[in-house]
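Chains as they are written, first to last, in the working numbering: chain X, 32 to 104; chain Z, 52 to 408. All C-beta atoms, glycine included, are put in the ideal place defined by N, C-alpha and C. Predicted model, so just to flag it, every value in this text is computed and none were measured.
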Amino acid sequence: MCLAIPTKIVERDGSDALVEMNGVRQRIRMDLLPAARVGDYVLLHAGFAIALLNEEEAQETLDLLREVEVLSS
Amino acid sequence: MGEGPPSRYMEVCGTHTVAIARSGLKKLLPPTVSLISGPGCPVCVTDQQDIDTAIALAREKGVLLATFGDMVRVPGTNGSLAQAKAEGADVRILYSPFEVLRLTDENPGSEVVFLSVGFETTAPLIAAVVKEAARLEYRNLSFLILHKLLPPVMEALLGEPPALAGSGPSLPVTQGSPILDGFLMPGHVCAILGVEPFRFLGECYHLPGVVAGFDPDDILLALWMLQRQRCQGRAEMEIAYRRVVRAEGNRTAQRLLEEAFQPVEARWRGIGNIPCSGLALRQAYSAYDARGRFSLQVEPAPDTPGCACGEVLRGLLSPPECPLFGRACTPQSPVGPCMVSSEGSCAASYRYERIIP
Ligand code: SF4
Numbered sequence: 032m033c034l035a036i037p038t039k040i041v042e043r044d045g046s047d048a049l050v051e052m053n054g055v056r057q058r059i060r061m062d063l064l065p066a067a068r069v070g071d072y073v074l075l076h077a078g079f080a081i082a083l084l085n086e087e088e089a090q091e092t093l094d095l096l097r098e099v100e101v102l103s104s
Numbered sequence: 052m053g054e055g056p057p058s059r060y061m062e063v064c065g066t067h068t069v070a071i072a073r074s075g076l077k078k079l080l081p082p083t084v085s086l087i088s089g090p091g092c093p094v095c096v097t098d099q100q101d102i103d104t105a106i107a108l109a110r111e112k113g114v115l116l117a118t119f120g121d122m123v124r125v126p127g128t129n130g131s132l133a134q135a136k137a138e139g140a141d142v143r144i145l146y147s148p149f150e151v152l153r154l155t156d157e158n159p160g161s162e163v164v165f166l167s168v169g170f171e172t173t174a175p176l177i178a179a180v181v182k183e184a185a186r187l188e189y190r191n192l193s194f195l196i197l198h199k200l201l202p203p204v205m206e207a208l209l210g211e212p213p214a215l216a217g218s219g220p221s222l223p224v225t226q227g228s229p230i231l232d233g234f235l236m237p238g239h240v241c242a243i244l245g246v247e248p249f250r251f252l253g254e255c256y257h258l259p260g261v262v263a264g265f266d267p268d269d270i271l272l273a274l275w276m277l278q279r280q281r282c283q284g285r286a287e288m289e290i291a292y293r294r295v296v297r298a299e300g301n302r303t304a305q306r307l308l309e310e311a312f313q314p315v316e317a318r319w320r321g322i323g324n325i326p327c328s329g330l331a332l333r334q335a336y337s338a339y340d341a342r343g344r345f346s347l348q349v350e351p352a353p354d355t356p357g358c359a360c361g362e363v364l365r366g367l368l369s370p371p372e373c374p375l376f377g378r379a380c381t382p383q384s385p386v387g388p389c390m391v392s393s394e395g396s397c398a399a400s401y402r403y404e405r406i407i408p
């Protein structure tokens, strides 16, 4: 039910956006994420963008994973 | 992770339950770390009487009932929505709740009802659809809102905080609480709510929580962070899913929730009534409340006899401990909702973890 998948915004239009996922384009609603722009990656849940993906923060997770690897090796 | 103290962590998100089962992660964990599924599947926690109400509504003359796919096969006291459909009721499955507006346009002669379940991840979407329906002044559309909220059910599951035992108001769970050492926090619920509404877990129960993503890596990282907190004697809310979750959550979504809904008491399957754990449309949107539009009196329904969904949802039994599991109850002929929904712990356990003799 809470499944959500990352997609990229290719067009933005009022409360809608066109996103692309594996070459497939889909129109989605942007009510929960009105400030997102073309080029942003967003998480898609039941036809709505619910969260913006943040690359810098993703790096932090990777760093932590590395720490885990170092600790357990 | 193996050097940490013995720990029992609960996941409260059905998508986690499936990710854990599918990846076979439990077999890789040290024997000291165990994972228990909680009330994380929205379809599974829906009370029998509410399912019966939805089915009765679908059978009303002139009604078109639209909902998410998982709801259709859940057995009610007399049949399911799928059965009602086979007998002529107009039941439609939607991928996005927004499609209900188009469906309403295309069916001007029907009373369209959207049956809505889900936690805080899904409820803001419905809030946006209700708002849009009101703005465009739809007349033949209403919503049967069965949304549930996670923080209150987690509190109810845990029972009275140790420091308050005997002094506070009595909580609905009288049948025992699972013994837990922390929570794998639901990534997408926290993407909406942030972590603030869950701080009580550390403050009142001294239980750590780590917000986890849905890849096996994400889940392992979160488990490692939980063990690290336990080793260091901490009980805080941490985020292991920073590429998606911000501490403050999604404020726009929170505003939408606040605008459209108010918290009300809700009944959870196998758990009982929990104050402020469900949502109802606010006065401004009451014209869109299906309960106001149709006067449906449905008898309170006992939970399905023999089905241990209640204990499974509270983390007191694992699916294979139910006597019906894999025998009378399989995904092909499910007895309880935990076997119907793809996110139910019984279905996930049957599909991915069953030891085939
Ligand atoms: S195995 Fe079937 S009957 Fe048993 S708890 Fe799960 S859903 Fe209910």
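Cβ neighbours of residue 230 of chain Z within its own chain (closer than 8 Å, five residues either side excluded): 59.
For residue 168 of chain Z, the closest alpha carbon among the candidates Z:94, Z:380 and Z:137 is that of Z:94. With 16 or more other Cβ atoms from the protein chains shown falling within 10 Å of its own Cβ, residue 389 of chain Z counts as buried. Contacts between residue 82 of chain X and chain Z, judged by CB atoms closer than 7 Å, involve 242, 295 and 301 in chain order.
Pairing residue 360 of chain Z with residue 329 of chain Z gives a Cβ-Cβ distance that is not under 8 Å. Against chain Z, a Cβ distance below 9 Å from residue 78 of chain X picks out 145, 146, 147, 148, 149, 150 and 176. Taken in chain order, the complete alpha helix (DSSP H) segments of 4 residues or longer contained in the segment 348–395 of chain Z are 360–364 and 388–391. Cβ neighbours of residue 349 of chain Z within its own chain (closer than 7 Å, five residues either side excluded): 100, 103, 104 and 107.
Our two residues, residue 326 of chain Z and residue 82 of chain Z, have alpha carbons roughly 37 Å apart in a direct line.
Close CB contacts of residue 140 of chain Z within its chain, under the 8 Å cut and outside five residues either way in sequence, are with 109, 110, 114, 116 and 132 (chain order). Remark: the C-beta of residue 288 of chain Z is outside contact range of the ligand SF4, defined as less than 7 Å to any heavy atom. Bounds of the alpha helix (DSSP H) holding residue 203 of chain Z are 201–209.
For the 8 Å CB-CB criterion, residue 149 of chain Z and residue 60 of chain X form a contact. Distance from the CA of residue 57 of chain Z to the CA of residue 77 of chain X, rounded to the nearest whole angstrom, comes to 38 Å. Beta-bridge partners assigned by DSSP to residue 101 of chain Z: none are found. Within the segment 41–62 of chain X, 46, 59, 60 and 62 place their CB atoms closer than 9 Å to a CB of chain Z, listed in sequence order.
Annotation: the continuous alpha helix (DSSP H) that includes residue 303 of chain Z extends over 302–311.
Contact of residue 304 of chain Z with chain X by beta-carbon distance below 8 Å involves 63 and 81.
Taking the C-beta atoms as reference points, residue 172 of chain Z is found nearer than 8 Å to residue 240 of chain Z. When the Cα atoms are used, residue 56 of chain X and residue 50 of chain X turn out to be separated by approximately 6 Å. The three-state reading of DSSP puts residue 232 of chain Z in coil, since its state is none of H, G, I, E or B. In terms of Cα proximity to residue 351 of chain Z, the closest of Z:91, Z:128, Z:71 and Z:55 is Z:128.
Look at residue 196 of chain Z here: in three-state DSSP terms it is strand. Comparing alpha carbon positions, the residue from Z:145, Z:98, Z:146 and Z:112 closest to residue 125 of chain Z is Z:98. Of the candidates Z:76, Z:357 and Z:332, the residue whose Cα lies closest to the Cα of residue 179 of chain Z is Z:332. Not one heavy atom of the ligand SF4 falls within 7 Å of the beta-carbon of residue 185 of chain Z. If the five residues before and after residue 282 of chain Z are omitted, its C-beta is found closer than 6 Å to the C-beta atoms of 55, all from its own chain and listed in chain order. Under the three-pair Cβ rule at 8 Å, the segment 59–72 of chain Z does not count as touching the segment 65–79 of chain X. Less than 8 Å separates the beta-carbon of residue 72 of chain Z from that of residue 404 of chain Z. Cβ-Cβ distances below 6 Å link residue 264 of chain Z to 238 and 292 in the same chain, with the five nearest sequence neighbours on each side left out; the list follows chain order.
The residue from Z:300, Z:273, Z:295 and Z:294 with its alpha-carbon nearest to that of residue 287 of chain Z is Z:273. When Cβ pairs closer than 8 Å are counted between the two stretches, the segment 242–261 of chain Z is seen to touch the segment 295–310 of chain Z, the count reaching three or more. Using a CB distance cut-off of 8 Å, residue 179 of chain Z counts as an interface residue toward chain X. Under the 10 Å beta carbon count, residue 402 of chain Z is surrounded by fewer than 16 other beta carbons and is classified as exposed.
Closer than 7 Å to some heavy atom of the ligand SF4: that describes the Cβ of residue 370 of chain Z.
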